[in-house]
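Trainee: Residue numbers for the sequence shown follow the working numbering, so the first one is 23 and each next one is one higher.
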Amino acid sequence: GNTQDVALRKYLLDNGYKTKEKGGNVEVLPVENADILTLMIKKDIQGAWVPEPWGARLVKEANGRIFLDERELWPDGEFVTAHIVARTDYLEKNPRIISKLLEAHIDETKWINENPGEAMRLFNVELQKLTGKTIPVNEFDEGFSRMTLTCDPVKESLFQSANDAFEIGFLGDKRPDLSKIYDLTILNQVLKEKGLAEIQ
Numbered sequence: 023g024n025t026q027d028v029a030l031r032k033y034l035l036d037n038g039y040k041t042k043e044k045g046g047n048v049e050v051l052p053v054e055n056a057d058i059l060t061l062m063i064k065k066d067i068q069g070a071w072v073p074e075p076w077g078a079r080l081v082k083e084a085n086g087r088i089f090l091d092e093r094e095l096w097p098d099g100e101f102v103t104a105h106i107v108a109r110t111d112y113l114e115k116n117p118r119i120i121s122k123l124l125e126a127h128i129d130e131t132k133w134i135n136e137n138p139g140e141a142m143r144l145f146n147v148e149l150q151k152l153t154g155k156t157i158p159v160n161e162f163d164e165g166f167s168r169m170t171l172t173c174d175p176v177k178e179s180l181f182q183s184a185n186d187a188f189e190i191g192f193l194g195d196k197r198p199d200l201s202k203i204y205d206l207t208i209l210n211q212v213l214k215e216k217g218l219a220e221i222q
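Now the structure itself:
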């Protein structure tokens, strides 16, 4: 299961609900976000746990409502949905490339946060080129208002998500040890060079 699938299943478990495969009456369907929108419009499903801007799209296009904003479940409302990752051997052999990638990531994250309207417009231009479709501006605005873009990997949330995945039976018999998954050395070097706070 992806991060949304794990979060939904853990939320159900914590609130006394069981999925059908665990003997309960809640059916969880791992479905692509675009298909979730179609299923909601057709009323083939009653709810969904999705990232933005899909939440905004479900509200606007499928007459949905937000039952729970996942930020309410996390300290300071922050949790990871995407990371920049590299294999250890690649990281060790190509620190300059990784440094340039992270520098661009930091610069773009800062720019998007300072220029959200223009960032959304440019995103839609590229989305149109790639898919022939765009996200309506009002949906984009609403979804973006519930997102925090950061260069901080929000490590503790990944650790918690992994523990949640283990508790619901996704990761085998041994609790995952992610203590060595992060190497923030190059990220912190780039942040320091830019006069920004390093990440612990």
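Ideal placement from N, C-alpha and C gives every residue a C-beta, glycine not left out.
Does the distance from the CB of P73 to the CB of I157 come in under 8 angstroms?
Mentor: Translated into positions along the sequence shown, residue 73 becomes position 51. Translated into positions along the sequence shown, residue 157 becomes position 135. No, the pair does not count as a contact, with Cβ atoms beyond the cut-off.
Trainee: In whole angstroms, what separates the C-alpha of W96 from that of R197?
Mentor: Counted from its first residue, the sequence shown places residue 96 at position 74. Counted from its first residue, the sequence shown places residue 197 at position 175. So the two alpha carbons sit approximately 21 angstroms from each other.
Trainee: Looking at V212 and L144, is the spacing between their C-beta atoms short of 8 angstroms?
Mentor: On the sequence shown, residue 144 is found 122 positions in, with the first residue counted as 1. On the sequence shown, residue 212 is found 190 positions in, with the first residue counted as 1. No, the pair does not count as a contact, with Cβ atoms beyond the cut-off.
Trainee: Would you be able to state if there are at least three C-beta pairs under 8 angstroms between the stretch 175-187 and the stretch 203-217?
Mentor: With a cut-off of 8 angstroms, the stretch 175-187 and the stretch 203-217 count as touching, because enough Cβ pairs lie within range.
Trainee: Using a Cβ-Cβ cutoff of less than 6 angstroms, which residues in the same chain neighbour A70 once the five nearest sequence positions on both sides are dropped?
Mentor: Residue numbering aside, residue 70 sits at position 48 when the sequence shown is read from its first letter. I58, listed in sequence order.
Trainee: Skipping 5 residues on each side, what residues in its chain have a beta carbon closer than 6 angstroms to that of E164?
Mentor: Numbered from 1 along the sequence shown, position 142 holds the residue referred to as residue 164. Closer than 6 angstroms at Cβ, skipping near neighbours: A78.
Trainee: Where does F101 land, buried or exposed, given buried means 16+ other C-beta within 10 angstroms?
Mentor: For the purposes of this step, residue 101 is taken as the residue at position 79 of the sequence shown. Answer is buried; the Cβ neighbour count reaches 16.
Trainee: According to DSSP, V102 sits in a beta bridge with which residue or residues?
Mentor: By one-based count along the sequence shown, residue 102 stands at place 80. Answer is none; V102 lacks a bridge partner.
Trainee: Quick one: is A219 buried, meaning 16 or more other Cβ sit within 10 Å of its Cβ, or exposed?
Mentor: As a position in the sequence shown, residue 219 is number 197, starting the count at 1. Its Cβ having fewer than 16 others within 10 Å, A219 is exposed.
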